[in-house]
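Visitor: Line order of the protein sequences matches chains A and B.
Using my numbering, read the first sequence as starting at 260 and increasing by one per residue.
Using my numbering, read the second sequence as starting at 260 and increasing by one per residue.
Ideal Cβ positions, reconstructed from N, Cα and C, are used throughout, including at glycine.
Number of protein chains: 2
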Amino acid sequence: MSKKRVDLRDVAALAGVSLGSASRAINGVENVSSETRERVQRAIDILGYRPSHAARVLRSRLSKTIGCMLSEATNPLYARLFQAMEARLRAEGYVLLLATGLNDADRELENLRLFAERGMDGMILTPGNERDRRILDFLDSSEMPAVILDRDIETKKDVVMFNHAPAVKRITRELLDLGHRRIALLVSHVDVRPNRRRIEAFKTAMREHGIASPNDLVRLQTTSTASTFDEVVGLLKGQDPPTAFIVQGTNTLLSVLNATAAVGARIPDDVSIISIGDPDFARTHVPPIAALKVKTEDIVERTVDLLLTRIKGDRSARPQRALVQFDFERRASCGPVPQSHARGIQ
Amino acid sequence: MSKKRVDLRDVAALAGVSLGSASRAINGVENVSSETRERVQRAIDILGYRPSHAARVLRSRLSKTIGCMLSEATNPLYARLFQAMEARLRAEGYVLLLATGLNDADRELENLRLFAERGMDGMILTPGNERDRRILDFLDSSEMPAVILDRDIETKKDVVMFNHAPAVKRITRELLDLGHRRIALLVSHVDVRPNRRRIEAFKTAMREHGIASPNDLVRLQTTSTASTFDEVVGLLKGQDPPTAFIVQGTNTLLSVLNATAAVGARIPDDVSIISIGDPDFARTHVPPIAALKVKTEDIVERTVDLLLTRIKGDRSARPQRALVQFDFERRASCGPVPQSHARGIQ
DNA sequence: GTGAAAGCGCTAACAG
DNA sequence: CTGTTAGCGCTTTCAC
Numbered sequence: 260m261s262k263k264r265v266d267l268r269d270v271a272a273l274a275g276v277s278l279g280s281a282s283r284a285i286n287g288v289e290n291v292s293s294e295t296r297e298r299v300q301r302a303i304d305i306l307g308y309r310p311s312h313a314a315r316v317l318r319s320r321l322s323k324t325i326g327c328m329l330s331e332a333t334n335p336l337y338a339r340l341f342q343a344m345e346a347r348l349r350a351e352g353y354v355l356l357l358a359t360g361l362n363d364a365d366r367e368l369e370n371l372r373l374f375a376e377r378g379m380d381g382m383i384l385t386p387g388n389e390r391d392r393r394i395l396d397f398l399d400s401s402e403m404p405a406v407i408l409d410r411d412i413e414t415k416k417d418v419v420m421f422n423h424a425p426a427v428k429r430i431t432r433e434l435l436d437l438g439h440r441r442i443a444l445l446v447s448h449v450d451v452r453p454n455r456r457r458i459e460a461f462k463t464a465m466r467e468h469g470i471a472s473p474n475d476l477v478r479l480q481t482t483s484t485a486s487t488f489d490e491v492v493g494l495l496k497g498q499d500p501p502t503a504f505i506v507q508g509t510n511t512l513l514s515v516l517n518a519t520a521a522v523g524a525r526i527p528d529d530v531s532i533i534s535i536g537d538p539d540f541a542r543t544h545v546p547p548i549a550a551l552k553v554k555t556e557d558i559v560e561r562t563v564d565l566l567l568t569r570i571k572g573d574r575s576a577r578p579q580r581a582l583v584q585f586d587f588e589r590r591a592s593c594g595p596v597p598q599s600h601a602r603g604i605q
Numbered sequence: 260m261s262k263k264r265v266d267l268r269d270v271a272a273l274a275g276v277s278l279g280s281a282s283r284a285i286n287g288v289e290n291v292s293s294e295t296r297e298r299v300q301r302a303i304d305i306l307g308y309r310p311s312h313a314a315r316v317l318r319s320r321l322s323k324t325i326g327c328m329l330s331e332a333t334n335p336l337y338a339r340l341f342q343a344m345e346a347r348l349r350a351e352g353y354v355l356l357l358a359t360g361l362n363d364a365d366r367e368l369e370n371l372r373l374f375a376e377r378g379m380d381g382m383i384l385t386p387g388n389e390r391d392r393r394i395l396d397f398l399d400s401s402e403m404p405a406v407i408l409d410r411d412i413e414t415k416k417d418v419v420m421f422n423h424a425p426a427v428k429r430i431t432r433e434l435l436d437l438g439h440r441r442i443a444l445l446v447s448h449v450d451v452r453p454n455r456r457r458i459e460a461f462k463t464a465m466r467e468h469g470i471a472s473p474n475d476l477v478r479l480q481t482t483s484t485a486s487t488f489d490e491v492v493g494l495l496k497g498q499d500p501p502t503a504f505i506v507q508g509t510n511t512l513l514s515v516l517n518a519t520a521a522v523g524a525r526i527p528d529d530v531s532i533i534s535i536g537d538p539d540f541a542r543t544h545v546p547p548i549a550a551l552k553v554k555t556e557d558i559v560e561r562t563v564d565l566l567l568t569r570i571k572g573d574r575s576a577r578p579q580r581a582l583v584q585f586d587f588e589r590r591a592s593c594g595p596v597p598q599s600h601a602r603g604i605q
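(1) Can you pull the DSSP bridge partners for residue 585 (chain B)?
(2) Can you have a look at residue 467 (chain A) and say buried or exposed, based on whether 16 or more other CB atoms are within 10 angstroms of its CB?
(3) Any chance the segment 543-552 of chain A sits against the segment 580-591 of chain A, with 3 or more Cβ pairs inside 8 Å?
(4) Taking buried to mean at least 16 other C-beta atoms within 10 Å of its own C-beta, is residue 281 (chain A) buried or exposed?
(5) List, in order along the chain, the chain A residues whose C-beta lies closer than 7 Å to that of residue 374 (chain B)?
(6) According to the neighbour-count rule (16 or more other Cβ atoms, all chains shown, within 10 Å of its Cβ), is residue 501 (chain B) buried or exposed?
(7) From the beta carbon of residue 387 (chain B), is the nearest beta carbon of chain A less than 8 Å away?
(8) Do you know offhand how far residue 495 (chain A)'s Cα is from residue 365 (chain A)'s?
(9) CB residue 460 (chain A) to CB residue 423 (chain A), shorter than 8 Å?
(10) Pull up the distance between the alpha-carbon of residue 526 (chain B) and that of residue 345 (chain A), whole angstroms please.
(11) Near residue 441 (chain A), what residues of its chain come up, given a Cβ to Cβ distance below 6 Å and the 5 sequence neighbours on each side ignored?
(12) Applying the criterion that 16 or more other CB atoms from any shown protein chain within 10 Å of the CB defines a buried residue, is residue 342 (chain A) buried or exposed?
(13) For residue 393 (chain A) versus residue 368 (chain A), is the C-beta distance shorter than 8 Å?
(14) Give the range of the beta strand (DSSP E) segment to which residue 382 (chain B) is assigned.
(15) Taking Cβ positions, are residue 594 (chain A) and residue 528 (chain A) nearer each other than 8 Å?
(16) In chain order, what residues of the same chain lie with their CB nearer than 7 Å to the CB of residue 509 (chain B), ignoring the 5 residues before and after it?
(17) For the segment 511-523 of chain B against the segment 559-567 of chain B, do three or more pairs of beta-carbon atoms, one drawn from each stretch, fall closer than 8 Å, so that the two count as touching?
(18) Only counting the same chain, and skipping five residues up and downstream in sequence, which positions put a Cβ closer than 6 Å to that of residue 574 (chain B)?
(19) Can you give the beta carbon distance from residue 376 (chain A) to residue 452 (chain A), rounded, assuming they're within the 8 Å contact cut?
(20) If we count Cβ pairs, one from each stretch, closer than 8 Å, do we get three or more for the segment 301-311 of chain B versus the segment 323-339 of chain B?
(21) Of all the CB atoms in chain B, is at least one closer than 8 Å to the CB of residue 579 (chain A)?
(22) Would you mind working out which of B:402, B:478, B:275 sits nearest residue 297 (chain B), comparing C-alpha positions?
(23) From the beta carbon of residue 586 (chain A), is the nearest beta carbon of chain B less than 8 Å away?
(24) For a test of the three-state rule: what should DSSP assign to residue 469 (chain B), helix, strand or coil?
(25) Compile a chain-ordered list of the residues in the segment 308-342 of chain B whose CB is closer than 8 Å to at least one CB of chain A.
(26) Within 10 angstroms of the Cβ of residue 605 (chain B), are there 16 or more other Cβ atoms? Answer buried if so, exposed if not.
(27) On the criterion of 16 or more Cβ atoms from any shown chain inside 10 Å, does residue 462 (chain B) qualify as buried, or is it exposed?
(28) With DSSP as the reference, identify every bridge partner of residue 534 (chain A), one or two as the case may be.
(29) Given a limit of 7 Å on CB to CB distance, which residues of the segment 532-564 of chain A reach chain B?
(30) Measuring only the C-alpha atoms, how far is residue 256 (chain B) from residue 558 (chain B)?
(31) Throw me the rounded Cβ distance for the residue 414 (chain A) and residue 398 (chain A) pair, which I believe falls under 8 Å.
(32) Around the C-beta of residue 278 (chain A), are 16 or more other C-beta atoms found within 10 angstroms, so that it is buried, or is it exposed?
(33) Which class does residue 321 (chain A) belong to by DSSP, given the choice of helix, strand or coil?
(34) Please return the same chain residues whose Cβ sits closer than 8 Å to the Cβ of residue 308 (chain B), not counting the five positions on each side in sequence.
(35) What alpha helix (DSSP H) runs, 4 residues minimum, are completely inside the segment 329-373 of chain B?
(36) Quick check: what's the CA-CA separation for residue 454 (chain A) versus residue 446 (chain A)?
In structure tokens, the structure reads:
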């Protein structure tokens with residue numbers, strides 16, 4: 260009486276073939292005559308058959324699912340990455356399962372265990388905790404293919420790194436070439452490691468240009484976004500104000516733009532601005548804000564390729580590393596140093 | 260030789276109990292002696308046993324997974340909602356599977372089918388296509404518990420609606436009470452239905468205050484965000500400019516702030532601004548932008564409750580509707596109408 | 001190329 | 001309270 264689930268047995272019966280043949284037909288295995296294939300397909304259409312995923316996983320030991328643990332889903336870059344990877348992996352027959360780590364080691368570990376329990380075929384991770392031993396141990400002792408994104412972790416897993424240093428050097432030189440000497444660097448505090456590399460690259464570029472480490476102009480936004488506004492206002496109104504800003508983080512950038520407008524400084528006439536990261540509004544802002552952007556498509560491509568290669572290929576091959584480059588979008592927010600300052604310095 | 264997976268049989272053997280008892284112990288069923296429970300737990304710890312999710316799903320017909328289809332993962336509100344729901348559902352033993360519809364009916368349908376195929380225990384949806392018959396048919400013919408978020412869909416499923424109209428009326432009156440008469444409403448074009456309701460509520464509030472439908476001040480941002488900037492500049496520099504803006508959409512708000520600064524209009528001295536939606540920067544902007552915010556926690560709570568009730572309880576109970584309220588955050592961006600205009604009107 | 005049969009690891013029904 | 005047994009729906013040998 261109860262309308263039983265349509266299973267492969269029903270399909271096979273209607274098609275007049277055996278259970279095994281029906282299965283082979285569905286999975287596009289070699290040894291199937293085109294006639295059988297057609298008959299099965301017709302039966303499927305008639306019955307509206309949908310295979311049971313659970314049964315498939317149990318039997319084949321392939322879940323066709325990839326676990327994705329990001330530090331937070333609300334980070335715009337991560338959200339875009341997730342969306343793009345989901346689309347790409349779906350096309351390959353995989354489903355992406357999203358979990359957030361929230362920089363909490365316990366939570367992250369629980370997520371990894373969940374991935375294992377649910378038999379993920381692979382995983383993509385941005386662990387917030389780069390040092391927590393339990394997580395590193397878990398990863399290294401796990402057989403599961405995995406790709407780590409933009410984290411300096413000592414691991415046997417494959418890694419996709421963003422090439423921060425050269426990118427930051429490049430924009431620093433860009434500003435130096437425009438005559439700027441007082442350049443401020445503002446970075447948000449969240450992504451610890453990448454920012455450390457950014458700061459270093461910035462200082463190196465300055466030093467290479469004969470400018471002593473400008474400690475007074477490197478700011479880590481340790482507290483709230485509100486304070487960034489005050490800080491920038493302070494800088495602009497203070498003695499020997501910066502003529503250019505390199506800004507990392509969406510909220511940081513907003514605060515800088517806001518502060519600039521508040522003190523009546525014009526962009527790029529009075530201050531030049533380059534953003535690390537390219538949020539939507541950067542392009543449409545008046546004037547448009549020059550930005551360093553990591554190519555989402557590149558990251559997605561490299562990550563998915565690495566992962567699928569590992570899943571399908573040799574699991575004992577040694578760890579791979581891919582390096583993703585940044586693009587610099589030169590836009591109107593970037594201009595030559597104001598004359599007064601140029602004279603003052605030289 | 261190959262280190263076989265530890266299964267429940269191994270656990271039972273080590274604990275010296277039967278397979279059935281081990282299963283019952285794990286699942287916390289009634290009829291288990293505390294001794295058995297302990298022995299099993301010890302065996303689990305020793306062996307490092309993790310149950311096979313696939314086998315459980317196949318046998319129990321419960322996947323402990325909820326499908327979540329949002330129109331896009333990159334929408335900040337949705338990202339926050341997802342993150343909060345994920346946490347809440349995880350605590351209840353469920354995993355949230357995220358898929359994006361991208362306002363593409365085919366894609367949405369494919370996602371729904373995937374949810375069915377993978378035996379989701381329930382789903383949470385924001386269909387972009389409120390009219391597509393195939394999707395409505397699929398939903399109505401499906402037995403799967405589901406909650407629809409903020410969509411005016413005729414469906415048998417449970418629904419959580421955001422109470423847009425009263426909220427918009429309220430902020431319109433807020434501005435009217437401050438003496439504003441020329442109030443512009445700018446909405447992004449994406450969420451068709453909610454915005455239709457917002458516009459209507461706005462016009463009603465104006466009419467109730469004896470002000471004719473201000474068609475010249477209601478703008479749907481049909482094209483790019485760049486045009487919003489131009490449009491607002493046009494309005495502010497034109498004849499009889501608005502003294503207040505009600506703005507919906509993060510990018511729209513950014514454009515308005517940008518345009519306001521560009522023409523040198525001060526907030527709130529020259530123009531007042533209220534945002535529909537409360538992005539991070541609204542609070543930290545100088546001055547802070549007054550905003551209508553929907554309480555994420557409320558939505559999450561109502562949605563999850565509705566869903567779990569449906570999953571655990573009576574599936575044939577008639578459809579439920581929950582209504583979520585908005586909070587108005589009065590902030591400094593909102594002030595009395597400028598004297599010149601007040602005189603001009605009265 | 002195809003059919004028959006053997007489980008994947010677990011829960012649920014039943015008998016004790 | 002516990003052990004035994006029968007599958008869940010499918011893929012994958014293994015014969016033929």
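Guide: Result, derived from the coordinates:
(1) Taking the first residue of the second sequence as 1, we reach residue 585 (chain B) at position 326. B:553.
(2) Stepping through the first sequence from its first residue, residue 467 (chain A) is reached at position 208. Exposed, by the Cβ-count rule.
(3) yes
(4) Working through the first sequence from its first residue, we reach residue 281 (chain A) at position 22. Answer is buried; the Cβ neighbour count reaches 16.
(5) In the second sequence, residue 374 (chain B) corresponds to position 115, counting from 1. The contacting residues do not exist; residue 374 (chain B) stays about 10 Å from chain A at best.
(6) Stepping through the second sequence from its first residue, residue 501 (chain B) is reached at position 242. Buried, because 16 or more other Cβ atoms sit within 10 Å of the Cβ of residue 501 (chain B).
(7) Here the question's residue 387 (chain B) lines up with position 128 in the second sequence. Cβ-Cβ to chain A under 8 Å: no for residue 387 (chain B).
(8) To locate residue 495 (chain A), count along the first sequence from 1; it is residue 236. To locate residue 365 (chain A), count along the first sequence from 1; it is residue 106. Approximately 43 Å between the Cα atoms of the pair.
(9) On the first sequence, residue 460 (chain A) is found 201 positions in, with the first residue counted as 1. On the first sequence, residue 423 (chain A) is found 164 positions in, with the first residue counted as 1. Taking 8 Å as the Cβ cut-off, residue 460 (chain A) and residue 423 (chain A) qualify as a contacting pair.
(10) As a first step, residue 526 (chain B) must be located in the second sequence, where it is residue number 267. As a first step, residue 345 (chain A) must be located in the first sequence, where it is residue number 86. If you take the alpha carbons of residue 526 (chain B) and residue 345 (chain A), they lie about 42 Å apart.
(11) Against the first sequence, residue 441 (chain A) aligns to sequence position 182. Contacts found: 501, 502.
(12) Reading the first sequence from its first residue, position 83 is the one you call residue 342 (chain A). With 16 or more other Cβ atoms within 10 Å, it is buried.
(13) Here the question's residue 393 (chain A) lines up with position 134 in the first sequence. Here the question's residue 368 (chain A) lines up with position 109 in the first sequence. Yes, the Cβ-Cβ distance between residue 393 (chain A) and residue 368 (chain A) is below 8 Å.
(14) Here the question's residue 382 (chain B) lines up with position 123 in the second sequence. It spans 381-384 - the beta strand (DSSP E) in which residue 382 (chain B) sits, taken as one unbroken run.
(15) Walking along the first sequence from the start, residue 594 (chain A) turns up at place 335. Walking along the first sequence from the start, residue 528 (chain A) turns up at place 269. Result yes, Cβ atoms of residue 594 (chain A) and residue 528 (chain A) sit closer than 8 Å.
(16) Start at 1 with the first residue of the second sequence, and residue 509 (chain B) comes out as number 250. Excluding residues within five positions, the ones whose Cβ falls inside 7 Å are 335, 536, 538.
(17) no
(18) The residue you call residue 574 (chain B) lines up with position 315 of the second sequence. Contacts found: none.
(19) What you label residue 376 (chain A) is simply residue 117 of the first sequence in a count that begins at 1. What you label residue 452 (chain A) is simply residue 193 of the first sequence in a count that begins at 1. 29 Å between Cβ atoms; not a contact.
(20) no
(21) Position 320 of the first sequence, counting from 1, holds the residue named residue 579 (chain A). Closer than 8 Å: no.
(22) Here residue 297 (chain B) refers to the residue found at position 38 of the second sequence. The option with the nearest alpha carbon to residue 297 (chain B) is B:275.
(23) Translated into the one-based positions of the first sequence, residue 586 (chain A) becomes position 327. Judged by the 8 Å Cβ criterion, residue 586 (chain A) is not in contact with chain B.
(24) The residue labelled residue 469 (chain B) in the question sits at position 210 within the second sequence. Note: residue 469 (chain B) maps to coil in three-state DSSP.
(25) 309, 310, 311, 312, 313, 314, 316, 317, 322, 331, 332, 333, 335, 338, 339, 341, 342
(26) On the second sequence, residue 605 (chain B) is found 346 positions in, with the first residue counted as 1. Residue placement at residue 605 (chain B) is flagged as unreliable, the pLDDT there being 35, under the threshold of 50; the coordinate-derived value follows with that caveat. So residue 605 (chain B) ends up on the exposed side.
(27) By 1-based counting over the second sequence, the position of residue 462 (chain B) is 203. Buried, by the Cβ-count rule.
(28) Counting from 1 along the first sequence, the entry for residue 534 (chain A) is found at position 275. DSSP, once it has assigned bridges, lists A:506, A:550 as partnering residue 534 (chain A).
(29) 539, 540, 543, 544, 545
(30) Lying before the first or after the last residue shown, residue 256 (chain B) is absent from chain B, which here runs from 260 to 605.
(31) Stepping through the first sequence from its first residue, residue 414 (chain A) is reached at position 155. Stepping through the first sequence from its first residue, residue 398 (chain A) is reached at position 139. That belief holds up - the Cβ atoms of residue 414 (chain A) and residue 398 (chain A) are roughly 5 Å apart, short of 8 Å.
(32) Along the first sequence, one-based indexing puts residue 278 (chain A) at 19. The residue is exposed, with fewer than 16 neighbouring Cβ atoms inside 10 Å.
(33) In the first sequence, residue 321 (chain A) corresponds to position 62, counting from 1. Residue 321 (chain A) falls in the coil class under three-state DSSP.
(34) Position 49 of the second sequence, counted from the start, is the residue given in the question as residue 308 (chain B). Here the set comprises 265, 266, 267, 269, 270, 302.
(35) 335-350
(36) Translated into positions along the first sequence, residue 454 (chain A) becomes position 195. Translated into positions along the first sequence, residue 446 (chain A) becomes position 187. If you take the alpha carbons of residue 454 (chain A) and residue 446 (chain A), they lie about 7 Å apart.
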